[in-house]
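For what it's worth, the working numbering labels the leading residue of the sequence shown as 12, then goes sequentially.
Read through the structure below, which is laid out as structure tokens, and then see the notes.
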Amino acid sequence: MQQKIKLVCDCGTINQFSVERLDGNPMCGICSQPLFSGKPISVTSERLIKHIEHSGLPILIDFWAPWCGPCVNFAPLFEQFAGLVGNQLRLLKVDTEANQQAAADFNIRSIPTLSLMREGKEIARQTGGVALPQLQKWVVENLTKKY
Ligand SMILES: [Zn+2]
């Protein structure tokens with residue numbers, strides 16, 4: 012039996028396909044866009060929940076706001092990271108100003124906050140901007156940690 016993986020597209024469609032297809036630049040069955048654009052996906056409170064409930068890949072969420080200097084500075088780095096991780100990790104961005112429900116659900120006290128999630132659960136959290144090598148190290152360490 013082939014192992015299936017679920018992924019939510021930028022358009023909101025839940026796609027399901029075999030794991031082997033992950034490496035073949037999978038496209039969304041509805042909007043025909045690539046499921047991995049190499050860029051973080053901006054999501055609303057509602058869409059965030061959909062990703063958390065249906066993502067076969069771990070998720071890294073950047074909680075930010077347009078008025079927050081450190082958040083704006085961190086944005087290009089997060090985008091660069093999205094290009095680096097490819098199809099290993101889903102990178103999402105939540106504007107906490109526009110999506111206060113998500114900020115409340117996640118109990119966001121300061122921004123930027125990074126939340127790393129796997130199988131619907133937060134496994135690590137970090138506040139404040141971080142340099143790319145540190146971000147990479149933090150993600151790898153937490154995803155490979157034994158529980
Ligand atoms: Zn789509």
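Backbone N, C-alpha and C define an ideal beta-carbon position, used for all residues, glycine too.
On a predicted model such as this, the values are computed, not experimentally measured, just so you know.
Residues near S126 by beta carbon distance below 6 angstroms, same chain, minus five either side: I72, E133 and R136
Could you check where the beta strand (DSSP E) with K17 kicks off and where it finishes? K15 to V19
Using a Cβ-based criterion (distance less than 7 angstroms to any ligand heavy atom), does T55 qualify as near ligand 1? no
Does ligand 1 have a heavy atom nearer than 7 angstroms to the CB of T138? no
Grouping DSSP H, G and I as helix and E and B as strand, with all else coil, what is K132? strand
Give every residue of the same chain whose Cβ lies closer than 8 angstroms to the Cβ of T107, excluding the five residues on either side of it in the sequence, and list them in chain order. F74, W75, A76, A113, A114, I119 and I122
Do you know offhand how far R129's Cα is from R101's? 10 angstroms
By Cβ distance, which residues of its chain are closer than 6 angstroms to C42, with the 5 residues on each side in sequence left out? C22
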